[in-house]
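Reviewing the structure listed below.
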Amino acid sequence: MGFEQKNSSKKVIGAKQTLKAITNDKVSKVFIAKDAEEHVTQKIREICNIKSIDIVFIDTMEELGTMCGIDVGAATAAELKE
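For the sequence shown, the numbering used here assigns the number 268 to the initial residue and increments by one for each residue that follows.
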């Protein structure tokens with residue numbers, strides 16, 4: 268379950284962009300790497316819980332980056348509402 272199954276879906280990558288999209292109510296689903304640092308993901312997880320946004324945990328930052336089509340790791344990413 269991820270971006271690779273929906274190549275046409277719009278997304279944001281990275282903690283700052285994900286947080287911004289969440290606060291603007293533009294997110295349908297959030298992806299968080301399990302090995303991302305707690306201080307990077309904590310606020311995102313808290314807001315997702317408050318707003319009832321689904322969170323999908325991915326094993327590694329490298330795997331999440333690959334899912335997003337980038338060559339580096341990503342702590343978080345989000346699928347945007349259509």
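Ideal Cβ placement from N, Cα and C applies to all residues, glycine included.
Under 8 Å between C-beta atoms of residue i and residue j
i	j	result
Val297	Ala345	yes
Ala288	Leu347	yes
Member of the options whose CA lies at the smallest distance from the CA of residue i
i	options	result
Asp326	Ile289, Asp302, Gly332	Asp302
Thr290	Met328, Phe324, Val323, Ile311	Ile311
Met328	Ser276, Gln284, Ala300, Lys283	Ala300
Gln309	Asp321, Glu349, Asp292, Ala282	Ala282
Asp321	Ser276, Ser295, Glu349	Ser295
Buried versus exposed call for residue i [16 or more other C-beta atoms within 10 Å across all chains shown]
i	result
Val363	There is no way to answer for residue 363, as the model of the chain reaches only from 268 to 349.
Gly336	exposed
Thr343	buried
Ile317	exposed
Lys278	buried
Q | Contained alpha helix (DSSP H) runs [length at least 4] in the region 297-336, N- to C-terminal order | A | 305-318, 328-334
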